[in-house]
Amino acid sequence: MMLQIAVCMKQVPALNEGKMDEGMGTLIRKDIPPVINVYDLTALETALRLKEEYGGKVTVFSMGPESAESLLREAFAMGADRSVLLTGPEFAGADAVATAYALSQAITARGPFDLILCGRQTTDGDTAQVGGAIAQFMEIPSIYWVSRIHAVTPASCTVTALTAKGHASCRIDFPCLLTVERELAVPRIPGLGAKIAAKKRQPEILTLQELPDRDSSHYGRPGSGTRVIKIFSPREPAPAAAVSMKGKEAAAYILEWLDEQTEGGIR
Amino acid sequence: MKIYQMEEKYRQFIGDESRLTGYCDSLSFPETEDEAAEILAHMAASKTPVTLQGGLTGVTGGAVPQGGHVMNLSRMTKVLHYEKTKDGALLTVEPGATVLDLKKEIRGLAGKNRLFWPVWPTAETASAGGIAANNSRGICSYHYGDARANIASVRFLAADGRRKTVSAREERELFGQIVGGEGAGGVITALELTLIPRPESLWAICFFLKTENAAARFVEGARRIAQAHREAAAFVAALEYLDGPVLVLIKANRASMAKLRDLPELPADPAGAVYMELHGPEDGVEELAGELLELSADCGCTDEDTWALSGEAEAERLQHFRGAASELVNARIDEIKRTDPAITKLTADMTFPGEPFTDTLTRYRKSAAIVDIPCYIYGHAGTGSLYANLMPENAEKYEAGKQLLRSWARECQARGGTTAGEYGVGKLTKNLLDGLLPEAKREIFETLTAEWDPAGILRKKLTTHP
Ligand SMILES: Cc1cc2nc3c(=O)[nH]c(=O)nc-3n(C[C@H](O)[C@H](O)[C@H](O)COP(=O)(O)OP(=O)(O)OC[C@H]3O[C@@H](n4cnc5c(N)ncnc54)[C@H](O)[C@@H]3O)c2cc1C
Numbered sequence: 003m004m005l006q007i008a009v010c011m012k013q014v015p016a017l018n019e020g021k022m023d024e025g026m027g028t029l030i031r032k033d034i035p036p037v038i039n040v041y042d043l044t045a046l047e048t049a050l051r052l053k054e055e056y057g058g059k060v061t062v063f064s065m066g067p068e069s070a071e072s073l074l075r076e077a078f079a080m081g082a083d084r085s086v087l088l089t090g091p092e093f094a095g096a097d098a099v100a101t102a103y104a105l106s107q108a109i110t111a112r113g114p115f116d117l118i119l120c121g122r123q124t125t126d127g128d129t130a131q132v133g134g135a136i137a138q139f140m141e142i143p144s145i146y147w148v149s150r151i152h153a154v155t156p157a158s159c160t161v162t163a164l165t166a167k168g169h170a171s172c173r174i175d176f177p178c179l180l181t182v183e184r185e186l187a188v189p190r191i192p193g194l195g196a197k198i199a200a201k202k203r204q205p206e207i208l209t210l211q212e213l214p215d216r217d218s219s220h221y222g223r224p225g226s227g228t229r230v231i232k233i234f235s236p237r238e239p240a241p242a243a244a245v246s247m248k249g250k251e252a253a254a255y256i257l258e259w260l261d262e263q264t265e266g267g268i269r
Numbered sequence: 163m164k165i166y167q168m169e170e171k172y173r174q175f176i177g178d179e180s181r182l183t184g185y186c187d188s189l190s191f192p193e194t195e196d197e198a199a200e201i202l203a204h205m206a207a208s209k210t211p212v213t214l215q216g217g218l219t220g221v222t223g224g225a226v227p228q229g230g231h232v233m234n235l236s237r238m239t240k241v242l243h244y245e246k247t248k249d250g251a252l253l254t255v256e257p258g259a260t261v262l263d264l265k266k267e268i269r270g271l272a273g274k275n276r277l278f279w280p281v282w283p284t285a286e287t288a289s290a291g292g293i294a295a296n297n298s299r300g301i302c303s304y305h306y307g308d309a310r311a312n313i314a315s316v317r318f319l320a321a322d323g324r325r326k327t328v329s330a331r332e333e334r335e336l337f338g339q340i341v342g343g344e345g346a347g348g349v350i351t352a353l354e355l356t357l358i359p360r361p362e363s364l365w366a367i368c369f370f371l372k373t374e375n376a377a378a379r380f381v382e383g384a385r386r387i388a389q390a391h392r393e394a395a396a397f398v399a400a401l402e403y404l405d406g407p408v409l410v411l412i413k414a415n416r417a418s419m420a421k422l423r424d425l426p427e428l429p430a431d432p433a434g435a436v437y438m439e440l441h442g443p444e445d446g447v448e449e450l451a452g453e454l455l456e457l458s459a460d461c462g463c464t465d466e467d468t469w470a471l472s473g474e475a476e477a478e479r480l481q482h483f484r485g486a487a488s489e490l491v492n493a494r495i496d497e498i499k500r501t502d503p504a505i506t507k508l509t510a511d512m513t514f515p516g517e518p519f520t521d522t523l524t525r526y527r528k529s530a531a532i533v534d535i536p537c538y539i540y541g542h543a544g545t546g547s548l549y550a551n552l553m554p555e556n557a558e559k560y561e562a563g564k565q566l567l568r569s570w571a572r573e574c575q576a577r578g579g580t581t582a583g584e585y586g587v588g589k590l591t592k593n594l595l596d597g598l599l600p601e602a603k604r605e606i607f608e609t610l611t612a613e614w615d616p617a618g619i620l621r622k623k624l625t626t627h628p
């Protein structure tokens with residue numbers, strides 16, 4: 003088996019160094035040294051273990067400034083075969099959706115891949131949306147919060163994922179995307195020789211001109227619809243009573259319910 | 163002035179990490195220097211002995227009361243002043259601020275200028291006052307030195323009520339007595355920490371060696387390399403040792419200890435590990451790392467036997483690995499104490515000047531084996547200041563362990579070494595090594611008491627004899 007695995011990784015501000023903007027709920031990034039998003043290290047470790055067990059190649063993708071090259075060298079030191087830095091002014095200021103779109107384009111440009119691995123979320127944005135959105139843009143299936151990978155065949159893998167209420171095991175066909183939980187694997191620490199050797203390797207640079215979609219308005223700030231007003235954890239909705247109806251009666255009930263929620267806006 | 167009578171709810175204030183437990187009649191938690199002064203005056207008037215406390219992480223029982231009054235300084239936590247200097251900054255803090263608080267504060271205040279204080283001990287709840295009183299050192303003391311070398315001045319509230327700011331530069335002798343004086347003579351009510359620029363690049367590396375002999379050879383070689391680069395732009399900041407038994411403890415607790423959960427499996431059965439930190443410009447650090455890589459290969463390490471991380475945040479993973487040694491050794495003593503509460507820590511915190519690392523290690527290992535007591539060794543390999551922790555499992559072995567500790571101390575003295583280093587003498591070491599403790603320490607205790615504490619309320623003695 004020769005699995006082609008893509009891993010998405012990002013540099014984030016070292017959390018323990020940052021202070022929060024209490025009003026916005028966002029991290030004040032100024033002067034905070036960057037580190038590799040911890041969840042992404044698990045994604046890379048997972049990819050390397052799959053490669054070691056089943057054979058294949060691991061390519062790491064990161065979108066960011068040139069300083070993100072240090073992340074990609076760390077990925078080389080851990081054992082990645084290739085690394086690609088998607089960089090350029092067009093990508094600056096991207097929200098979760100624009101980031102996912104750019105990464106999906108980069109992965110398509112360097113693909114095909116059987117498996118795309120992402121960390122469950124980044125520790126700076128915490129939206130946990132990028133993985134799923136990449137899968138959506140690439141029109142491939144995805145599973146979130148994977149905590150175990152059981153079996154891999156040339157065509158699929160079987161995984162256990164966390165759900166809001168417990169665990170679920172399922173098989174998913176390649177190509178697919180998984181976002182991984184930290185409990186899946188403790189990331190290895192590179193050996194000193196590997197680290198020194200990785201310093202001499204250069205990541206591939208990918209720019210807008212090499213992507214299938216070269217329209218800069220789809221990327222970065224122009225491609226981002228999100229405006230952050232405040233970040234907070236949503237409250238769990240109160241459990242609703244279940245009702246059982248059929249046909250027109252059900253339709254009328256739903257319409258009335260929607261109407262109530264929107265204060266008459268539906269009709 | 164608030165003074166509380168001792169009751170059960172204050173139990174936590176009669177013991178520290180030495181696992182000794184004492185007793186006291188009353189306690190106070192002053193929030194200002196004035197309040198501390200008032201309480202000291204009150205105690206001096208009645209000649210009530212006072213025990214000072216910071217974060218209670220001391221391992222020799224210096225903060226454990228034996229009657230009298232406990233003055234706990236953990237509520238004096240304010241940052242008083244921050245001032246930029248030509249090559250860094252000065253940060254004045256009250257003594258109760260902990261390592262954890264101050265690390266955060268310094269990042270906030272000096273983040274843009276990328277400054278740091280290189281002394282932090284691995285115990286994160288230790289207080290600034292305790293660190294100064296014990297003249298503690300961090301794992302990077304090999305390059306940056308101890309607390310004395312990194313504090314510009316201390317504010318001293320003497321037991322007789324006088325107050326004085328003592329500068330390291332202008333009153334060297336007195337400063338050297340107060341910092342490291344273990345609370346004799348008076349209270350440190352503020353400290354001016356010298357912040358210095360963070361290194362441009364930081365690599366943390368662990369080398370796992372297959373035999374203790376190879377580990378000792380590696381340390382000797384690493385010392386030579388470190389010495390050769392001492393004045394260079396890129397240098398060895400930390401050179402620390404963890405022996406096989408300590409690594410077994412780490413392995414066994416990797417999954418259950420929060421700090422260690424981010425570490426992968428250790429290489430199979432290492433007999434010793436060396437933790438090093440390299441600081442300086444990236445190119446220089448890489449070159450230095452290359453030399454160490456060659457040395458490690460000569461000592462039988464493959465690349466799988468090394469771990470290397472760069473960057474401050476990433477390096478923390480390996481710093482936790484080194485830091486876990488003290489916590490796990492302490493936890494092991496707790497286990498033993500559960501079977502026999504009379505057993506205490508038996509730690510040699512000694513330095514044998516000029517002695518090859520191999521000889522120090524062999525002395526500890528062989529003599530502990532002769533009396534058949536497990537011995538856990540870790541510490542500052544760069545300067546030869548190792549901690550050898552004997553773990554006697556019953557009363558008989560405990561007696562044999564005490565004798566062994568004293569025989570090491572005698573040998574240390576005969577070689578002109580220091581029998582009590584960074585952990586201080588406290589009460590535990592004072593008991594265990596009565597008559598074998600450094601003369602210089604006795605002088606410090608006596609001078610501070612004679613000059614600043616006529617009522618003798620903070621008197622420290624180097625002997626258990628009256
Ligand atoms: C897990 C662990 C790791 C450790 N690692 C290190 C290490 O890396 N390096 C190291 O050097 N030590 C280390 N230690 C030992 C200990 O943390 C240090 O000695 C520390 O400096 C003690 O600080 P504290 O605030 O806890 O002091 P305490 O234990 O409260 O007191 C220690 C002594 O200082 C005196 N004192 C406290 N505050 C004042 C004050 N304001 N004025 C005058 N005297 C005062 C007390 O009377 C006592 O004699 C470690 C201990 C543990 C448990």
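From first to last, the protein sequence lines are chains G and S.
The first sequence runs 3 to 269 under the numbering used here.
The second sequence runs 163 to 628 under the numbering used here.
C-beta: ideal position from N, C-alpha, C; glycine also.
Predicted model, so just to flag it, every value in this text is computed and none were measured.
Legend entry - Cβ shell of S:ARG317 (< 6 Å), same chain only, five flanking positions each side left out: Answer for S:ARG317: THR327, THR351, ALA352, listed in chain order.
Inset, instruction - Output yes or no for whether 8 Å exceeds the beta carbon distance between S:CYS537 and S:ALA543. - result: no
Legend entry - Proximity of S:ASN296 and S:ARG310 at Cβ, strictly below 8 Å: no
Inset, instruction - Tell me the start and end of each unbroken alpha helix (DSSP H) in the segment 283 to 335 of chain S that is at least 4 residues and wholly inside, in chain order. - result: 290 to 296, 303 to 306
Inset, instruction - Could you tell me if S:ARG331 is buried or exposed, where buried requires 16 or more neighbouring beta carbons within 10 angstroms of its beta carbon? - result: exposed
Inset, instruction - Would you list, in sequence order, the uninterrupted alpha helix (DSSP H) runs of no fewer than 4 residues that lie entirely inside the segment 498 to 560 of chain S? - result: 519 to 532
Legend entry - Cross-chain neighbours of S:LEU425 in chain G, by beta carbon under 9 Å: VAL188, ILE191
Inset, instruction - Find the nearest neighbour of S:GLY516 within the set S:GLN174, S:SER547, S:ASN312, S:LYS413, judged by alpha-carbon distance. - result: S:SER547
Inset, instruction - Would you please verify whether the beta carbon of S:ALA543 is less than 8 Å from any beta carbon of chain G? - result: no
Inset, instruction - Taking only heavy atoms of ligand 1 into account, decide whether any of them is closer than 7 Å to the Cβ of S:ALA571. - result: no
Legend entry - Buried/exposed call for G:GLU68, threshold 16 Cβ in 10 Å: exposed
Inset, instruction - For S:ASN593, verify whether its CB is less than 7 Å away from any heavy atom of ligand 1. - result: no
Legend entry - G:THR28 (DSSP reduced to helix, strand or coil): The predicted model places G:THR28 with a pLDDT of 49, which falls under 50 and marks its position as unreliable, so this point remains unresolved.
Inset, instruction - Go ahead and label G:SER235 buried or exposed: buried means 16 or more other beta carbons lie within 10 angstroms of its beta carbon, across all protein chains shown. - result: exposed
Inset, instruction - Could you tell me which uninterrupted beta strand (DSSP E) segments, each at least 3 residues in length, are contained entirely in the segment 448 to 477 of chain S, listed from first to last along the chain? - result: 468 to 472
Legend entry - Spatial neighbours of S:LYS499 in its chain, beta-carbon cut-off 7 Å, leaving aside the 5 residues before and after: ARG181, ILE505
Legend entry - Contacting positions in the segment 454 to 469 of chain S - beta carbon closer than 9 Å to chain G: LEU454, LEU455, SER458, ALA459, CYS463, THR464, ASP465, GLU466, ASP467, THR468, TRP469
Inset, instruction - Could you tell me the distance, in whole angstroms, from the CA atom of G:MET65 to the CA atom of S:ASN234? - result: 51 Å
Inset, instruction - Leaving out five residues on either side along the sequence, give the residues of the same chain with a beta carbon under 6 Å from the beta carbon of G:ARG84. - result: THR61
Inset, instruction - Would you mind working out which of S:ALA321, S:GLY462, S:LYS246, S:ILE313 sits nearest S:ALA617, comparing C-alpha positions? - result: With distances taken between Cα atoms, S:ALA617 lies closest to S:ALA321.
Legend entry - C-beta neighbour in chain S for G:PRO67, strict 8 Å: G:PRO67 has a beta carbon lying at 8 Å or more from every beta carbon in chain S.
Legend entry - C-beta neighbour in chain S for G:THR28, strict 8 Å: Residue confidence is low: G:THR28 scores 49 on pLDDT, short of 50, so the model does not pin down where it sits. No coordinate-derived value is stated.
Inset, instruction - Can you pull the chain S residues whose beta carbon is under 7 Å from the beta carbon of G:ILE198, in chain order? - result: GLU448, ALA451, GLY452, LEU455
Inset, instruction - List the residues that DSSP assigns as beta-bridge partners of G:ASP175. - result: G:SER158
Inset, instruction - Leaving aside the five residues before and after S:ILE358 along the sequence, list all residues of the same chain whose C-beta is less than 6 Å from its C-beta, in chain order. - result: GLY250
Inset, instruction - Indicate, with yes or no, if ligand 1 has a heavy atom lying under 7 Å from the CB of S:GLY229. - result: no
Legend entry - Partner residues on chain G for S:LEU471, Cβ-Cβ distance less than 7 Å: Listed along chain G are ILE191, each with a C-beta nearer than 7 Å to that of S:LEU471.
Legend entry - S:LEU202 versus S:VAL232 - alpha carbon distance: 11 Å
Inset, instruction - Could you tell me if the beta carbon of S:ALA197 falls within a distance shorter than 7 Å of some heavy atom in ligand 1? - result: Checking the sequence shown, residue 197 of chain S turns out to be Glu, not Ala. False, no ligand heavy atom lies under 7 Å from that Cβ.
Inset, instruction - With distances taken Cα to Cα, identify the nearest neighbour of S:PRO361 among S:SER472, S:THR219, S:ARG577. - result: S:SER472
Legend entry - chain G contact for S:ALA475 (CB, 8 Å cutoff): yes
Inset, instruction - Say yes only if the C-beta of S:GLY586 is nearer than 7 Å to one or more non-hydrogen atoms of ligand 1, and no if none qualify. - result: Correct: S:GLY586 has its Cβ closer than 7 Å to ligand 1.
Inset, instruction - Could you check the C-alpha separation between S:THR501 and S:ILE495 for me, to the nearest Å? - result: About 10 Å.
Inset, instruction - Buried or exposed for S:ILE539, please, with buried defined as at least 16 other CB atoms from any protein chain shown within 10 angstroms of its CB. - result: buried
Legend entry - Backbone secondary structure at G:VAL182 - three-state DSSP: strand
Legend entry - Near ligand 1: S:GLY292 beta-carbon under 7 Å from a heavy atom: yes
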